[in-house]
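Student: Before anything else, here's the structure in question.
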Amino acid sequence: MGKNYTFVRGAAFPYQYKYEHPAVTTDCVIFTYEDWKLKVLLVKRGGEPYKGEWALPGGFLRNDETAREGALRELREETDLEASAVGELGVFSDPSRDPRERVITIAFYALVKPSEVEGGDDADEAAWFSIDELPVLAFDHADILKAAMERLRRDIHFDPVGFELLDDEFTIPDLQRLYEIILGVKFDRRNFQRKILSSGILEEAEDDSHSLRALSLSKGDRESPVLPEPPMMAMKSAAPHLSDEMDFCCAEPAMLAPMPASEAKPKRRPGRIASLFRLNKAKYEEMKEEGNKLEF
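Under the working numbering, the first residue of the sequence shown is numbered 162, with each subsequent residue one higher.
Structure, rendered in structure tokens:
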């Protein structure tokens, strides 16, 4: 067997093999939840290939960094977004995925609170897009995003991903709406309320006027919200037992005792699940340790 490498003394990588060396990139799928919509972060490419088209933030990996370090660096350089952590999604290695050369990408994903973003480096623009209003994506980024959505739908049963996208304090209708958007299904309001409360993973927060007022301002007018239908991606495969005719109803407020106008809380009509809740993290970890998962 012949020698398949050359040794170059003093080089940064002295063993230089004759095998072809593919380039390595990282790409980030960053989700947020805003205006009743699940959104993903995209950048408009400033250079070829696919100049002027939208793509996931990412770029080539440097020799002195790990894949995770490279992903966080590219995310920061292209969008001005600082993510504290990203989870590895998978490797995408179709030989024809990049027209420049043989490029393998390692994809990561994360959930963040709504943030301002700005294009930088080789990205002309950065913006949040609703997952049901996406432009055509460059490279194989539509496949990467699809894989991230599938992971999100799986993880939502085992990890508090839904709670990470909401404010620290939220209502059950807030949580239900987010789960419907992620899973692409409709839940019966009463069944969802019963199951999520019986799981024990929620604890009621102090229901004071300041919390309710802040929640109302952050989510808009709850008296008559105009909500889009949740994206029905994989509806049948995600929950084939659910009927298309199940009623969906945004929670309605219950009446409060009269208060001075300056102190009044948002009005509630009968049937409103108005209490604010927080995630009981200890109970959630206990549930996972016992091998249970959230079912709706």
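All residues carry an ideal CB built from backbone N, CA and C; glycine is no exception.
1. Short of 8 Å in beta carbon distance, which residues of its chain neighbour residue 299, apart from the five on each side in sequence? Order them along the chain.
2. How about residue 291 and residue 242: are their beta carbons less than 8 Å apart?
3. Pick out whichever of 333, 361 and 362 has its Cα sitting closest to the Cα of residue 349.
4. Please determine if the segment 180-190 and the segment 263-276 are in contact, where contact requires at least 3 C-beta pairs separated by less than 8 Å.
5. Helix, strand or coil, according to DSSP, for residue 402 in the structure here?
6. Taking residue 438 as the reference, which of 336, 346, 447 and 345 has the closest Cα?
7. Taking a contact to mean a Cβ-Cβ separation below 8 Å, would you say residue 204 touches residue 270 in this structure?
8. When DSSP labels each residue in this structure, what does residue 248 get in the three-state scheme?
9. Below 8 Å CB to CB, which residues in the same chain sit around residue 278 once its five sequence neighbours on both sides are set aside?
10. With a threshold of 8 Å on Cβ separation, who are the neighbours of residue 456 within its own chain once the five nearest residues in sequence on each side are excluded?
11. Are the CB atoms of residue 251 and residue 173 nearer to each other than 8 Å?
12. Check whether the Cβ atoms of residue 199 and residue 305 lie closer than 8 Å to each other.
13. Thinking residue 441 and residue 358 are a contact (beta carbons under 8 Å), I'd like their distance in whole angstroms, please.
14. Can you list the beta strand (DSSP E) stretches of 3 or more residues lying completely in the segment 270-308, in chain order?
15. If contacts are defined as beta-carbon pairs under 8 Å, then residue 295 and residue 194 qualify, I think. What distance do you get, rounded to the angstrom?
16. Mark residue 235 as exposed unless 16 or more other C-beta atoms lie within 10 angstroms of its C-beta, in which case mark it buried.
17. Can you tell me where the beta strand (DSSP E) holding residue 240 begins and where it ends?
18. Identify, in the order they occur along the chain, each residue of the same chain with its Cβ nearer than 8 Å to the Cβ of residue 258, setting aside the five sequence neighbours on each side.
19. Around the C-beta of residue 314, are 16 or more other C-beta atoms found within 10 angstroms, so that it is buried, or is it exposed?
20. Which one of 256, 168, 330 and 232 has the shortest CA to CA distance from residue 366?
Tutor: In short, the structure shows the following:
1. Contacts found: 206, 210, 211, 214, 215 and 216.
2. No. Outside cutoff.
3. Distance check between residue 349 and each of 333, 361 and 362 places 333 closest, using alpha-carbon atoms only.
4. Under the 8 Å Cβ criterion, the segment 180-190 counts as touching the segment 263-276, having at least three qualifying pairs.
5. Residue confidence for residue 402 is low, a pLDDT of 37 falling below 50, so the modelled location carries little weight and cannot support an answer.
6. Residue 438 has its Cα closest to that of 336, out of 336, 346, 447 and 345.
7. No.
8. Of the three classes helix, strand and coil, the one that applies to residue 248 here is strand, per DSSP.
9. If we look at residue 278 and ignore the five residues flanking it on each side, its Cβ neighbours are 202, 240, 241, 242, 287, 288 and 289.
10. Correct list, in chain order: 318 and 356.
11. Judged by beta-carbon spacing, residue 173 lies beyond the 8 Å limit of residue 251, meaning their Cβ atoms are not closer than that value.
12. Going by C-beta atoms, residue 199 is not nearer than 8 Å to residue 305.
13. The distance from the Cβ of residue 441 to that of residue 358 is about 11 Å, inconsistent with a contact at the 8 Å cut-off.
14. At a cut-off of 3 residues, the continuous stretches assigned as beta strand (DSSP E) that sit fully inside the segment 270-308 are 284-291.
15. About 16 Å; that fails the 8 Å criterion.
16. Classification of residue 235: buried, given that the 10 Å Cβ count is 16 or more.
17. Per DSSP, residue 240 belongs to no beta strand (DSSP E); it is in the alpha helix (DSSP H), 228-240.
18. Excluding residues within five positions, the ones whose Cβ falls inside 8 Å are 264, 266, 300 and 301.
19. Counting Cβ neighbours within 10 Å, residue 314 comes out buried, since at least 16 surround it.
20. Selected option, being the one with the closest Cα: 330.
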